[in-house]
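Notes for the one structure printed next.
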Amino acid sequence: MAGAIRAPGELAAARRRITEARGVVILTGAGVSAESGVPTFRDRTGLWARFDPQELATPEAFRRDPEGVWEWYHLRRQAVLACRPNPGHLAIARFLLERRDAVLVTQNVDGLHQLAFETLGSLEPPPDRPVPPAPAGRILELHGNLLRSRCAECGRTEDDASSEPRPGGDRRERVPRCGRCGSLLRPDVVWFGEMLDAATLDEAFRRAAEAEVCLVAGTSALVHPAASVPLATLRGGGLVIEVNPRETPLTPSAGFSFRGPSGRLLPELLRGATAP
Ligand code: BJW
Ligand code: ZN
659 MAGAIRAPGE LAAARRRITE ARGVVILTGA GVSAESGVPT FRDRTGLWAR
709 FDPQELATPE AFRRDPEGVW EWYHLRRQAV LACRPNPGHL AIARFLLERR
759 DAVLVTQNVD GLHQLAFETL GSLEPPPDRP VPPAPAGRIL ELHGNLLRSR
809 CAECGRTEDD ASSEPRPGGD RRERVPRCGR CGSLLRPDVV WFGEMLDAAT
859 LDEAFRRAAE AEVCLVAGTS ALVHPAASVP LATLRGGGLV IEVNPRETPL
909 TPSAGFSFRG PSGRLLPELL RGATAP
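Counting in this note's numbering, the sequence shown runs from 659 upward without gaps.
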């Protein structure tokens, strides 16, 4: 029965399907970072239980109150900078290094998947080759990155401390500005009602349509178009494997659905599932 809690043997069966699959897409959401201390959005203690997304995560909110939006994002930046990848991130990073036919599609904006590659490098330098940084093109960030800023006018992006709050008594003066054109910078994330980057989205759907397995972890599967990525795998005849402590709208379509934290289940599922 699709979507049921699986017996231990089912984990081995799902691992075998991943091992044998040609093409694997991993889709992650905020739950994968929960065990690192990053709050999710829609859980009981999630961000949207405490903050109104319409007031903070829409282009209209930024036009209305850029100072207020920046204050919230600065706090979130500081919180994320103190967080470290958990065993779920590390399992995914290891898997991507081993499986050249796998790609990670993430809704997360915290950069912890990328950091997992660096952490891997410092923990386990392989004997004959250095661990590369997050391989180019292997992590598709659908909703941008919280640690990057983008000019609201000219689109120039900035990765560095230039987007930290500017000193100054006046609230308006504290909003960071573009080094090229002087306009307001904004967090380089995708807000409600905004289009996702077309090339990134196309690539995610193309890879999902070709993949024999889509492993979906830590997402409520409520926000589109990201939540439709596994549907492309299903339409192509592939299998969806879900990891989440709770059911989601995707659960009925999942061939395997494992209930539990991704920091425990992803290492179990991906350990050894490396040879296509
Ligand atoms: C664990 C765990 C553990 C806990 N281990 N798991 C009606 C129908 C369909 C679509 C729409 C609609 N009305 C409007 C729309 C469009 C809208 C949308 O989808 N809205 C829905 C909410 C209804 N989408 C958009 O607007 C998108 N753009 C778009 O569609 O453009 C075209 C368009 C233009 C104009 C008009 C209409 C359409 C853009 C979406 C942007 C989302 N942005 C955010 C904020 C990013 C920046 C920031 O961080 O501030 O992205 S919102 C937030 O949700 C964030 C996330 O990436 C995203 C998804 O959330 P996620 O990751 O799934 O987290 P949660 O909290 O929802 O779930 C956590 C899960 O983890 C839970 O299931 C837990 O059980 C689990 N969990 N602990 C494993 N230890
Ligand atoms: Zn600019």
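Virtual Cβ for every residue (Gly too), placed ideally from N, Cα, C.
Contacting residues, own chain, Cβ-Cβ under 7 Å from residue i (five flanking each side not counted)
{"i": "L748", "result": "A774, T777, L778"}
{"i": "A715", "result": "W849, F850"}
{"i": "V833", "result": "P724, E725, W728, L842"}
{"i": "V898", "result": "C872, V874, P888, T891, L892, L908, S911, A912, G913"}
Pick from the options that is closest to residue i, judged by C-alpha positions
{"i": "I750", "options": "C839, D723, G687", "result": "G687"}
{"i": "I684", "options": "T891, A737, R808", "result": "T891"}
{"i": "V848", "options": "A857, G802, G813", "result": "G802"}
{"i": "A740", "options": "R722, S694, E799, A715", "result": "S694"}
{"i": "T932", "options": "L859, L755, E861, V833", "result": "L755"}
{"i": "H732", "options": "G913, L897, S807", "result": "S807"}
{"i": "P903", "options": "D860, G913, G918", "result": "G918"}
{"i": "T858", "options": "Q712, A760, T906, T764", "result": "T764"}
{"i": "R752", "options": "I797, A671, C809, H882", "result": "I797"}
{"i": "L800", "options": "L669, C809, V761", "result": "V761"}
{"i": "L908", "options": "R929, G894, L873, E718", "result": "L873"}
{"i": "A867", "options": "S911, A856, F709, V887", "result": "V887"}
{"i": "V767", "options": "G681, V696, L897", "result": "V696"}
{"i": "R758", "options": "E852, H771, R702, G795", "result": "G795"}
{"i": "G895", "options": "R680, E668, V690", "result": "R680"}
Close Cβ partners of residue i (< 6 Å) along its chain, the five nearest in sequence each way excluded
{"i": "M659", "result": "Confidence is the limiting factor: at M659 the pLDDT is only 39, short of 50, which leaves the residue's position unreliable and the question unanswerable from this model."}
{"i": "V901", "result": "A875, F916, S920, L923"}
{"i": "F863", "result": "A890"}
{"i": "A692", "result": "T698"}
{"i": "A885", "result": "A879"}
{"i": "V789", "result": "Residue placement at V789 is flagged as unreliable, the pLDDT there being 49, under the threshold of 50; a coordinate-derived value is accordingly withheld."}
{"i": "L805", "result": "G769"}
The ligand BJW heavy atom lying under 7 Å from the CB of residue i
{"i": "L908", "result": "no"}
{"i": "Q765", "result": "yes"}
{"i": "G769", "result": "no"}
{"i": "V874", "result": "no"}
{"i": "S694", "result": "no"}
{"i": "H882", "result": "yes"}
{"i": "T703", "result": "no"}
{"i": "P888", "result": "no"}
{"i": "N803", "result": "no"}
{"i": "T858", "result": "no"}
{"i": "F916", "result": "no"}
{"i": "W849", "result": "yes"}
{"i": "P919", "result": "yes"}
{"i": "A966", "result": "Beyond the ends of the chain as shown, which are 659 and 934, falls residue 966; an answer cannot be given."}
{"i": "S911", "result": "no"}
{"i": "S878", "result": "yes"}
{"i": "T903", "result": "A small correction: the amino acid at residue 903 is Pro; Thr does not occupy that position in the sequence shown. Correct: P903 has its Cβ closer than 7 Å to the ligand BJW."}
Reduced DSSP secondary structure (H/G/I, E/B, other) of residue i
{"i": "D723", "result": "coil"}
{"i": "F863", "result": "helix"}
{"i": "G921", "result": "helix"}
{"i": "G681", "result": "coil"}
{"i": "P907", "result": "coil"}
{"i": "A715", "result": "coil"}
{"i": "G704", "result": "coil"}
{"i": "A819", "result": "Because A819 carries a pLDDT of 46, less than 50, the predicted location of this residue cannot be relied on, and no value is offered for it."}
{"i": "S915", "result": "strand"}
{"i": "S886", "result": "helix"}
{"i": "P745", "result": "helix"}
{"i": "L880", "result": "coil"}
{"i": "V871", "result": "strand"}
{"i": "L804", "result": "strand"}
{"i": "A760", "result": "strand"}
{"i": "E900", "result": "strand"}
{"i": "I750", "result": "helix"}
C-beta neighbour in chain C for residue i, strict 8 Å
{"i": "S694", "result": "The displayed structure is made up of one protein chain only, and chain C is not part of it."}
Neighbouring residues (CB closer than 6 Å to any heavy atom of the ligand ZN): C809, E811, C812, R814, C836, R838, C839, S841
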